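Novice:
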Amino acid sequence: MKKLFAGLFLTASFAMASAQSISFDKTTYDYGTVKTGADGHRMFTVKNTGDKPLIISRVQASCGCTTPEWSQDPIMPGKTAQIKVGYNTTIVGPFTKIIEVYSNDPENSRSVITIKGTVDGNAAVEAVAVAAPAAELSAKAAPAQAKKNVKKAAK
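Numbered according to mature numbering (1 follows the signal peptide of the UniProt record, and there is no 0), the sequence shown spans residues -17 to -1, 1 to 138.
The following block contains the structure:
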């Protein structure tokens, strides 16, 4: 009887060992501080560390400001794939967003990856502040130039 249970246990453990398994190169991507309107796309690498094809069925962001893209193709054992995550960098301030990754991994059917960082609104403000004085100078110079053109036309 003990041998029967031991045999069943070994068979079950081999069956569990021969499955697809998801792993990530990193589970958090820190953008650091980025400028307003900067490229908000980052890549996560997914690896199938099991011995059966891994299928990512769904990738869902926590809000509409984050957009994930991934391939529906199976990831073969030992191979990798990319999940591209985009964040809307026109939203100024600090952010932390989670992205849920659903797969056919029997132990981790739902995995979570995170993006975080800060969008610096001063970068856009500085550009406007620099451009504003130049525009003001052009506006002040325009009437003077118009007077010169009138005098030339009168001659």
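Cβ atoms here follow ideal geometry from the backbone N, Cα and C, with glycine treated the same way.
Small disclaimer: the values here were computed from a predicted structure and weren't measured.
From what residue to what residue does the beta strand (DSSP E) around Ala83 run?
Specialist: Here residue 83 is Glu; the residue named in the question, Ala, does not match the sequence. From DSSP, the beta strand (DSSP E) with Glu83 extends over 76 to 86.
Novice: Return the chain-ordered ranges of every beta strand (DSSP E) run that is complete within the region 11 to 37 and spans a minimum of 3 residues.
Specialist: 11 to 18, 24 to 31
Novice: Which same chain residues end up closer than 6 Å to Gln43 when comparing Cβ atoms and leaving out the 5 residues on each side of it in sequence?
Specialist: Glu83
Novice: Straight-line CA distance for Arg93 to Asp22?
Specialist: 28 Å
Novice: Taking the alpha carbon of Ser54 as the point to measure from, which residue in Ser45, Lys9, Met26, Ile74 has its own alpha carbon closest?
Specialist: Met26
Novice: Considering just the uninterrupted stretch of the beta strand (DSSP E) at Glu52, what are its terminal residues?
Specialist: That run of the beta strand (DSSP E) goes 49 to 53.
Novice: Compute the distance between the beta-carbons of Ser86 and Ser40, then report whether it is under 8 Å.
Specialist: yes
Novice: Could you give the distance in angstroms between the alpha-carbon of Val95 and the alpha-carbon of Ile81?
Specialist: 7 Å
Novice: Can you give me the C-alpha to C-alpha distance between Ser45 and Val29, rounded to a whole angstrom?
Specialist: Ser45 and Val29: Cα-Cα distance of roughly 19 Å.
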